[in-house]
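Going down the list, the sequences are from chains A and B.
Quick note: the first sequence uses my numbering, first residue 206, plus one each step.
Quick note: the second sequence uses my numbering, first residue 4, plus one each step.
Just so it is clear, CB atoms sit at the ideal spot from N, CA and C, and this is done for glycine as well.
Let me begin by presenting the structure, written as structure tokens, before commenting on it.
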Amino acid sequence: MLLALWDHRIQAAAVLLFAVGFVTLLLHRNLLKKIIGLNIMDTAAYLFLTSVGYIAGRKPPIITGGDRDPASYVNPLPAGLVLTGIVVSVSVTALMLALTIRLYRRYHTLDLDQIYQMALGEQEEGK
Amino acid sequence: MSFAANFPLFCIVLALLCAVVSGVLRWRAAAILTEVMAAAVAVMSAFVLALALRTGQSTSYPMGHFPHPWGNELRFGILEPLVSGVFSLVLLCCVVGGRKALNRDTEPEKRNLYFSMVDLIQASLLALVYTNDLFTGYVFIEICTIAACGILMIRQLGRTTLASVRYMIFSLLGSGLFILGIVYLYSITGHLLMPELKQSVGELWQSGQYRTPLRTAIALITLGLCIKSGLFPFHFWMPDTYGYSTPCSAGILSGLVSKGYIFLLIKIIFDVFGTEVFYASGMQTVLYVFGVAGMVFGSISAMRENDIFRMIAYSSAAQIGYIYMGIGLSPRLGIVAALFHTLTHALTKPALFLSASRLSEVSGGSKRFKDLQGSAHKNHAAGAAFAVGSLSMIGLPLTMGFIAKYLFALAAFREERFLIPTLLALAISTVLNTFYFARTLIRVYNTRDLGAVKPVGLGSQKRFAAAGALLAGLNIFFGVIAQPLIDLLTRGVALLAG
């Protein structure tokens, strides 16, 4: 069991990081820390993907010499997936940051619970 | 290959193109473009459906002619064009019927971007429905999330912004789990195309190799999509999201976006895990239990609401529970029932949101029940659309809601161990639904203390009347003549199962 864990230590670390990010995004009250959690979570998934995509001893999939044997290169697909994933998480982060700025300008706090209380009060006055 | 086989790709590209072009158009032109696009997609879907019915098999459409297993693919059988056609019609109705409220809720200089976002949602829903590649599914899930957040936050109230943040947080938790699930699955199978994945998953399950990672991947992917579609107990973002957005957005988000994820899940169950593996993994019991819990608790929350929009939103949580209960019940009949209810809900909820906004408009803009008294007499069209929607949600005969509940019960009779709980849940949930929808109906049709009113004529709300009539009409049409639709869904599920 422990030996297997050591063999897959990068993946284990990635899952651990994913859990840290997930819990931060779910439970933290501060919006900025939630966004940091989101990024940790996404990055952990990419770390997992990168680590399984790497095979020790093989070259990056770019033919420079005469070696045309596919077995001497790694599969380029995982790296491509990671790049796509990074683009996705950058845009999601940008959107979350924009929303955070809008909430901060309105309520002057980043604490989600306080914002919620203020928004509730706002509605009562509106009625 | 027939020319119509290109239409799924054309639909997706057309929607994406419209989204880009809308960014530089004036909002009126962008609105017309969106409406034309949705109508065109509906027509093209009909052609694809006709093609699929004629050939009687599902077709893979390789993009850029890259052969298996390297290329990216679309795939369509009977279900995909059917679902995408209904989705585009509903989208069209939302955009047409919700225009007046949209004009009230948004600034004119940003309104063209709203339609850009709607086009993006359309494109991503189509891609989710048609794709044959798991990672493409993930990318379009994220596009859908961002665009959905866009149509939500365009209304600049404090509550709406807060609702957008909560919606994003839950959506991102869901997509995080989903991507980790895909990565797990990819690391043990080495494939992302659905047919290859299904074969590898089947072989791995047979040999017993990598059993734990496989179970984990199934759980992660299912859970991710459940969170995103708002299955109990992950439905807490729903009331604020639907309650404080503009009615057009509420209709699109509740009727279409959450359904897109559910359809993708059904497709994954059939085409990636395979029903044998999925129903042996124990995940279906989890879906069943949470579905039943959602049916009851969603309705209880709806009963306690004092705000008509939030009540309809909580009712969505209950209806999502029905759909997941169907998925958990059984691979064939249960999923046919779940798909039928998906269509029912997609046609009903937008009608309810659009008409509720009209009813609140004639009641001085209030969404509270006590102010809505007699509002149906002030706007007959909205009252009628709301009545049809409510009756369908209760499950009265002559509406699609009744057929859906009948199909759920029928599916339960084939599953001995789920029979009693399913029937009980259906009964309790129907009573609860009746309680809060009937209460609302009585309230809006109550004439006490009404005095003389001058009802809003049809002439001044042609767009809403057309959208409401189409949604309510389809609801009644398929409620009366349900068998052809059920046959189509049954054949579609058989094709999907391969």
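Proximal chain B residues relative to residue i, where beta-carbon distance stays under 7 angstroms
i, result
"A/Val293", "Val142, Glu145"
"A/Ala209", "In chain order: nothing, as chain B lies at least about 11 angstroms away."
"A/Asp247", "Gly179"
"A/Leu254", "Val186"
Status (buried if at least 16 other CB within 10 Å, exposed otherwise) for residue i
i, result
"B/Gly263", "buried"
"B/His71", "exposed"
"A/Glu330", "With a pLDDT of only 49 at A/Glu330, under 50, the local geometry of the prediction cannot be trusted, and no value is derived from it."
"A/Gly258", "buried"
"A/Ala249", "buried"
"B/Met328", "buried"
"B/Gly211", "exposed"
"A/Trp211", "exposed"
"B/Glu76", "buried"
"B/Ala283", "exposed"
"A/Arg273", "exposed"
"A/Lys332", "Reliability fails at A/Lys332, whose pLDDT of 42 lies under 50, so the model's placement of it is uncertain and the value that follows must be treated cautiously. A/Lys332 comes out exposed."
"B/Met314", "buried"
"B/Ala354", "buried"
"A/His313", "exposed"
"B/Pro487", "exposed"
"B/Glu279", "exposed"
"A/Leu207", "exposed"
"B/Ser5", "exposed"
"A/Gln319", "exposed"
"B/Phe69", "exposed"
"B/Pro11", "buried"
"B/Lys352", "buried"
"A/Gln322", "exposed"
"A/Thr229", "buried"
"B/Asn309", "exposed"
Beta carbon proximity, residue i to chain D, threshold 8 angstroms
i, result
"B/Cys152", "This model lacks chain D altogether, as its protein chains are A and B."
Residues bridged to residue i [DSSP beta-bridge criterion]
i, result
"B/Lys465", "Looking at the DSSP assignment, B/Lys465 forms no beta bridge with any residue, so it has no partner."
"A/Tyr278", "A/Lys264"
"B/Arg371", "B/Asp310"
"B/Pro65", "B/Glu76"
"B/Val134", "Note on identity: in this sequence residue 134 of chain B is Thr, with Val being the wrong assignment. Paired residues: B/Leu77."
"B/Asn9", "The partner list for B/Asn9 (beta bridge, DSSP) is empty, contrary to what the question assumes."
"B/Asn478", "Answer is none; B/Asn478 lacks a bridge partner."
"A/Asn235", "A/Asp316"
"B/Leu196", "B/Asp136"
Under 7 angstroms by beta carbon: chain A residues contacting residue i
i, result
"B/Phe138", "Leu286"
"B/Met156", "Leu304"
"B/Leu175", "Leu230, Leu243, Val297"
"B/Ser190", "Val257"
Nearest-angstrom Cβ-Cβ length linking residue i and residue j, presumed shorter than 8 angstroms
i, j, result
"B/Tyr325", "B/Trp240", "Wrong, their Cβ atoms sit about 19 angstroms apart, outside the cutoff."
"B/Gly74", "B/Gly67", "6 angstroms"
"B/Leu128", "B/Phe90", "6 angstroms"
"B/Leu131", "B/Phe143", "5 angstroms"
"B/Lys381", "B/Pro458", "6 angstroms"
"B/Thr109", "B/Thr249", "7 angstroms"
"B/Ala42", "B/Leu95", "6 angstroms"
"A/Ile246", "A/Gly226", "The amino acid occupying residue 246 of chain A in the given sequence is Met; Ile does not appear at that position. Contact flag correct, Cβ pair sits at about 3 angstroms."
"B/Leu342", "B/Leu362", "That pair is no contact at about 31 angstroms."
"B/Gly101", "B/Gly254", "6 angstroms"
Cross-chain neighbours of residue i in chain B, by beta carbon under 8 angstroms
i, result
"A/Met206", "Within 8 angstroms Cβ-Cβ: nothing; A/Met206 doesn't reach chain B, min ~12 angstroms."
"A/Tyr321", "Leu165"
"A/Thr202", "In this structure chain A extends from 206 to 332, so residue 202 of chain A is not present and cannot be described."
"A/Lys239", "Ile172"
"A/Ala250", "Gly179, Ile182, Leu183, Val186"
"A/Arg311", "Gly161, Thr164"
Contacts of residue i in chain A (Cβ-Cβ under 9 angstroms)
i, result
"B/Leu429", "Those do not exist, as B/Leu429 stays about 33 angstroms from chain A at its closest Cβ, beyond 9 angstroms."
Per-residue contacts from residue i into chain A (C-beta, under 8 angstroms)
i, result
"B/Met171", "Val297, Leu300, Met301, Leu304"
"B/Ile149", "Ser296, Val297, Leu300"
"B/Val168", "Leu236, Met301, Leu304, Thr305, Leu308, Leu317"
Residue i CB to nearest heavy atom of the ligand FAD below 7 angstroms
i, result
"B/Trp208", "Inclusion of the ligand FAD in the displayed structure is not the case, the ligand content being empty and no account of it being possible."
Contact set between residue i and chain B, taken where Cβ atoms lie within less than 9 angstroms
i, result
"A/Thr289", "Phe138, Tyr141, Val142"
What ranges does the alpha helix (DSSP H) occupy inside the region 240–320 of chain B, keeping only unbroken runs of at least 4 residues that lie completely in it? 241–246, 250–255, 261–271, 278–283, 286–306
If we require 4 or more residues per run, which alpha helix (DSSP H) segments fall completely within the region 80–114 of chain B? 82–100, 102–108
Please give the ranges of any alpha helix (DSSP H) in the region 374–435 of chain B, keeping only runs that are unbroken, at least 4 residues long and fully inside the region. Taking only runs of at least 4 residues, the alpha helix (DSSP H) segments lying wholly in the region 374–435 of chain B are 378–381, 383–397, 403–416.
Uninterrupted alpha helix (DSSP H) stretches inside the region 278–324 of chain A (no shorter than 4 residues): 282–312
Runs of 4 residues minimum, wholly inside the region 195–231 of chain B: which ones carry the alpha helix (DSSP H) assignment? 197–210
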